[in-house]
Structure formats: C-alpha cells, structure tokens
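Asker: Chains as they are written, first to last, in my numbering: chain Y, 1 to 279; chain E, 1001 to 1269.
Backbone N, C-alpha and C fix where the C-beta goes; we use that ideal spot for every residue, glycine too.
See the structure below:
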C-alpha cells in the first residue's frame, strides 16, 4: 500500500510544484514585501501609507463588490426561481435560452460591450430616447461605479442562476406541490420553502462571485474613470507608475483579508448548517 | 379574456426587457464593428462598412499577429496543463493519497484568491529569471490558473471509468501500463478533451496575467482589445471582442456533448 502512496504522490508532485512556484511562493513574497519596514525589519508602515493614500478606494471597492454581490443574488434568485416555478412554458424556455449568454463571455469583452452600451451615446440611452421615455438632454453616461456594478451583475448573475437552477431542479417536487396545494403563492413558496433548501448553493455561488469581482482588473480599468477606482487598478498603478512594490503588496494583502473574511463567514455558516443537520 | 391577454402582454414585455439587457450590450458591439463613422448625436452609425474588418484580417496586421500569439499560447498552455494533470488526475482518482482533500483544494486556490497582487510578484520573480515578456512565462502563468479545471475534470473523468473493465483487462494478462493505455485512457478521453477545451478558453480569454507578465513583448487578443478600446479605436476593439466570442459561444453550445453527466457529477470530489 505504501508503494502506491509514493507513486500517487510522485504523480501529483509536478502539478503541485507548479502551484507552489507560481502561486504559493509569490503569495509569501507579497506578504513579506507588505510587512517590510522601509527603515528595515518588520512593520506596518506600508499599510499606514496604503490607508493614507487609498482608504477612499478601499471603501469604494468594498461598496461596489458588496452591492454587486447582493444584486447578483437577487437577480439570480429571480431567474432560477422563475425557471423552476414558472407556469408559462414559452416564458420559461425563452428565459432559459437567454440568461446563459453572458456565462462564457470573458470579462474583457463584457467590459468593452458595456463601454459602448452604457455611454452617453450608447444603445441604452439611445433606446430610452427613441422610445420617448427620456429627453435627449436627460441622458447621462453610466460609465462610473454604476457601470462597474452593471457589468459585474450582467456577468455573474447567470453563473449563480445556473448553479441555483441546478440545485432547485434537484429538489423534491412533492414538498413544493404540497405547499402550493395548501394555497401558498408561488413567491411565498419560493422564499419560504425553495430558497432555504438551496441556500448552501447560493452561498457558494455568491462567495465565488465576490472573490472574482474583487480580482478583476479589466472591468474597473475599462468601464469607469480613474478616480475613485478599485484596488486592482491601484495595485497596477502603484507598480507601473512608481515601481512601489511594498505599498502595492500592502493593498494586495488588504484584498486577501477581504477574501479571508468572506471565507470565514462562509465557514461559520457551513458549520452552523452542519450542526443544525446533526441536531 | 382581457385579463389573460393583458397578462400575456405583460409577460412578453418582461421577456423583451430581459432580452434587451442580455443582448443589447452584445448588439452594440456588433454595431460598432460595422461602423465606419459614428459620432454624437447620431443614434446609429453615420456610415457603415467592412473597412475595419479588412484592417483586422489583413494577414500582416497587428490583429493577426495577436491572434497567432493567442492561439499558440493557448495550445502550449493545454499541453503543459494536460502533461501535469493527466498523471495528477489519475492519482487523485485511482490511487491512495494522503491529504487528498487538501491537494484538491491546493489547485483551486490560485482561482480563489485576488490574483492581481500575485501576478505583480510573479512578474517580478520572472524578471529575475529572464521569463518576463516571454511566451514561456505567459504559458506558465496561464497553466497555473487553469490547473483547477484540468486536474478536477481529468480526475472526474478517470473516476468515471468502470473499474471492472480495467480488472478484466488485467485478468486477461495485460500489464498495468497496457491496461492504462488501451482501456483507461481511451475511456477517459472525452473528459480529458473537455478539460483541454476549458484550459484553451481560459488561456485565450486571460487578460490580467498577460498584462503583467507578458509586457511589453507578448501581445494577445485581450491585450489588443484593451489597448484599442482605451485608445478610442472602438471598431478594432469590437472586432477583436467578436473574435474572442466565437470559441466561447461554440463551447456554450456544445459543452454538454463533451462533459457527460457521469463525469460532471464527479468534478471536485
């Protein structure tokens, strides 16, 4: 048996080695650089400077990612909920065909789409003007924090909806039917019966989306102006304009901490869920 | 009767609104790719034409060079990722491994971390090794990011192969290696192909890693899209974006054919 264990480890080793060299090592490198003190030794000077220069952008990033995650949750629940409980067949199949499109579209392509679609002279404003809902002088460019949020939700809601619809399809229909027969409306049935059952899937989808949105560079770079901006753009600017690795890495560590906090919230939730099931 | 009709109209309006939200941004992209001149306050292009398509598809143009670079990098990334993942996936599916769960998670971590700060430091390390701005450096960065797909899917593909068939071959006197090459690998091939497609697309669409590690010499399609878009050349940016969309949409239409349910249900286990 120990022979097969050694063989197994040998087969996995090259792949693990690549992850260590190009993920784990740079990660340690970035943390070490972030906590290095300019005067020598270890200290928090880089974090102090990062907060002093970028505290506005840190809040801006948290704000955008939090709102986008919440909206992604709402939109995906609406889509998956209608796909599962909808009673108009053509509407269900139309929705099922439409909602997947952004799934495999790269962020950079989504960013370029939105750069034109949400602009002052973009298709959104032009359509609103042509349909008579807006006067031409009422149009505003949405290429700021709103544009980033729209792009993130457009890209991530289909992903979470796909996960949720899969989870909902696997549920026992009898429970839902029973509630419906007792007179519960479809909306109430969705909120009180279906959603709690697929909540773990929703959590996983939203946490993955949160981290992905925190890591994307192209969308804030292309969709919105430079001030204020998201942490990814600040890190890139700090390196390309100043070669300032310590402060860039301090910002990086701040983004790791944001991820760590969401992971911690998720683990606590998963643990409580498990305890409840065991009880 | 009128209530039913009103309900249907309402539903149709909702679906139309949803379709506009999903398709509108893509339609705007297509409009730009055929617009030779388009400026405020005109709602549609002032003059239409294929001039920019000709510019992009000119054999000696920058776009064709980027396309060739992108496809070469994606193919090399597939080779590297599969060379590492087929043995790893086999071991994870078939052999007894200590800390198996931790090993699976290790491949997920590069995707589950804010990556910009990691790439910045990879670029710095590569600079010291002479790998910055090289195709090889970009391939390695893409491969690390894609490993979660290739390892998890190949492992699921191997796990879905019926053990009985392997045992039958062994009983008939085939060696372990012969069983692997004539029974296990051919049966796992569709899953391995699916993982190769995932890796190919991941590499083709990758922007951030190439942005930091590939500069200034390696220019892929996403980098061309970025520089054209930021430089105000919306036609070139839109056509580049459309080129990038083709493989993604083909994949969306055919993914179920490659990824069978018995493999899909084992991914990440």
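#1: CA-CA distance, residue 1260 (chain E) and residue 1169 (chain E)?
#2: Under a three-way DSSP split, which group does residue 1 (chain Y) fall into?
#3: Can you check whether the CB of residue 47 (chain Y) is closer than 7 Å to the CB of residue 241 (chain Y)?
#4: Could you spell out where the alpha helix (DSSP H) holding residue 1164 (chain E) opens and where it closes?
#5: What does residue 26 (chain Y) reach in chain E if we use C-beta pairs closer than 7 Å?
#6: What does a CB cutoff of less than 7 Å around residue 1235 (chain E) pick up in its chain, not counting 5 residues either side in sequence?
#7: Could you pull out every unbroken alpha helix (DSSP H) segment of at least 4 residues lying fully inside the segment 157-214 of chain Y, listed in chain order?
#8: Closer than 7 Å by beta-carbon distance: list the chain Y residues that pair up with residue 1141 (chain E), in chain order.
#9: Please confirm whether residue 1233 (chain E) has its beta-carbon closer than 7 Å to some beta-carbon of chain Y.
#10: Among residues of its own chain, excluding the 5 on either side of residue 281 (chain Y), which ones have a beta-carbon nearer than 8 Å to its beta-carbon?
#11: Would you kindly work out how many angstroms separate the C-alpha atoms of residue 1080 (chain E) and residue 1143 (chain E), rounded to a whole number?
#12: At which residues does the beta strand (DSSP E) containing residue 87 (chain Y) begin and terminate?
#13: Compare the Cα-Cα distances from residue 1248 (chain E) to each of Y:93, Y:12 and Y:110 and report the closest residue.
#14: Can you tell me where the beta strand (DSSP E) holding residue 1035 (chain E) begins and where it ends?
#15: Give a yes or no on contact between the segment 205-212 of chain Y and the segment 126-137 of chain Y, applying the rule of three or more CB pairs nearer than 8 Å.
#16: Pop quiz: residue 1200 (chain E) and residue 1147 (chain E) are said to be a contact at Cβ under 8 Å. What is the actual Cβ separation, rounded to whole angstroms?
#17: For residue 1176 (chain E), does the three-state DSSP call read helix, strand or coil?
#18: With DSSP as the reference, label residue 1048 (chain E) as helix, strand or coil.
#19: Given that a residue counts as buried once 16 or more other Cβ atoms are within 10 Å of its Cβ, and exposed if not, what is residue 1216 (chain E)?
#20: Kindly list, in the order they appear in chain Y, the residues whose Cβ is closer than 9 Å to that of residue 1262 (chain E).
#21: Work out the CA separation of residue 1237 (chain E) and residue 25 (chain Y) for me, nearest whole Å.
#22: For residue 36 (chain Y), write down the residues that DSSP places opposite it in a beta bridge.
#23: Got a sec: is the Cβ-Cβ distance from residue 36 (chain Y) to anything in chain E below 7 Å?
#24: What's the C-alpha gap between residue 1078 (chain E) and residue 1138 (chain E)?
#25: Is the segment 1205-1216 of chain E close to the segment 1157-1174 of chain E, with three or more CB pairs under 8 Å?
#26: What three-state label does DSSP hand residue 1099 (chain E) in the structure shown?
#27: State the DSSP-derived secondary structure class of residue 1089 (chain E), mapped to helix, strand or coil.
Answerer: Here's the rundown:
#1: Here residue 1260 (chain E) refers to the residue found at position 260 when the second chain is read from its first residue. Here residue 1169 (chain E) refers to the residue found at position 169 when the second chain is read from its first residue. Spanning the two alpha carbons is a distance of roughly 24 Å.
#2: Along the first chain, read from residue 1 onward, the residue named residue 1 (chain Y) stands at position 1. In this prediction, residue 1 (chain Y) has a pLDDT of 46, which is less than 50 and means its spatial position is unreliable; nothing more can be read from the coordinates.
#3: Taking the first residue of the first chain as position 1, residue 241 (chain Y) is located at position 241. Taking the first residue of the first chain as position 1, residue 47 (chain Y) is located at position 47. Not a contact, by the Cβ cut-off of 7 Å.
#4: Here the question's residue 1164 (chain E) lines up with position 164 in the second chain. It spans 1163-1171 - the alpha helix (DSSP H) in which residue 1164 (chain E) sits, taken as one unbroken run.
#5: Residue mapping note: residue 26 (chain Y) aligns to position 26 of the first chain, counting from 1. Chain E residues near residue 26 (chain Y): 1118, 1121, 1122 and 1125.
#6: Counting from one through the second chain, the residue named residue 1235 (chain E) turns up at place 235. Hits under 7 Å: 1032, 1033, 1035 and 1052.
#7: Listed in chain order, the alpha helix (DSSP H) runs fully inside the segment 157-214 of chain Y are 173-181 and 186-189, counting runs of at least 4 residues.
#8: As a position in the second chain, residue 1141 (chain E) is number 141, starting the count at 1. Going along chain Y in sequence order, the residues near residue 1141 (chain E) (Cβ under 7 Å) are 22.
#9: Taking the first residue of the second chain as position 1, residue 1233 (chain E) is located at position 233. Output row for residue 1233 (chain E): interface = no.
#10: Since the first and last residues shown for chain Y are 1 and 279, residue 281 (chain Y) lies out of range.
#11: The residue labelled residue 1080 (chain E) in the question sits at position 80 within the second chain. The residue labelled residue 1143 (chain E) in the question sits at position 143 within the second chain. Residue 1080 (chain E) and residue 1143 (chain E) have their C-alpha atoms some 7 Å from each other.
#12: For this step, residue 87 (chain Y) is matched to residue 87 along the first chain. Segment: none, residue 87 (chain Y) is in no beta strand (DSSP E) and carries neither H nor E.
#13: The residue labelled residue 1248 (chain E) in the question sits at position 248 within the second chain. It is Y:110 whose Cα lies nearest to the Cα of residue 1248 (chain E).
#14: One-based indexing of the second chain puts residue 1035 (chain E) at position 35. Residues 1035-1037.
#15: The segment 205-212 of chain Y makes no contact with the segment 126-137 of chain Y: fewer than 3 CB pairs, one atom from each, lie closer than 8 Å.
#16: Position 200 of the second chain holds residue 1200 (chain E). Position 147 of the second chain holds residue 1147 (chain E). So it is not a contact: roughly 14 Å between Cβ atoms.
#17: Translated into positions along the second chain, residue 1176 (chain E) becomes position 176. Residue 1176 (chain E): helix per DSSP, three-state reduction.
#18: Translated into positions along the second chain, residue 1048 (chain E) becomes position 48. Here residue 1048 (chain E) sits in strand by DSSP.
#19: Taking the second chain and counting its residues from 1, the one referred to as residue 1216 (chain E) is at position 216. With fewer than 16 Cβ atoms within 10 Å of its Cβ, residue 1216 (chain E) is classed as exposed.
#20: By 1-based counting over the second chain, the position of residue 1262 (chain E) is 262. Under the 9 Å cutoff, chain Y gives no residues; its nearest Cβ is about 16 Å from residue 1262 (chain E).
#21: Within the first chain, residue 25 (chain Y) is the residue found at index 25, counting from 1. Within the second chain, residue 1237 (chain E) is the residue found at index 237, counting from 1. Approximately 35 Å, taken between the alpha carbons.
#22: Against the first chain, residue 36 (chain Y) aligns to sequence position 36. Here residue 36 (chain Y) is bridged, per DSSP, to Y:42.
#23: Within the first chain, the letter at position 36 stands for residue 36 (chain Y). No, its Cβ sits nowhere closer than 7 Å to a Cβ of chain E.
#24: Working through the second chain from its first residue, we reach residue 1078 (chain E) at position 78. Working through the second chain from its first residue, we reach residue 1138 (chain E) at position 138. In this structure, the alpha-carbon of residue 1078 (chain E) lies about 13 Å from that of residue 1138 (chain E).
#25: The segment 1205-1216 of chain E is not in contact with the segment 1157-1174 of chain E.
#26: The count along the second chain starts at 1 and reaches residue 1099 (chain E) at position 99. Annotated three-state conformation of residue 1099 (chain E) is coil, per DSSP.
#27: Counted from its first residue, the second chain places residue 1089 (chain E) at position 89. It is helical.
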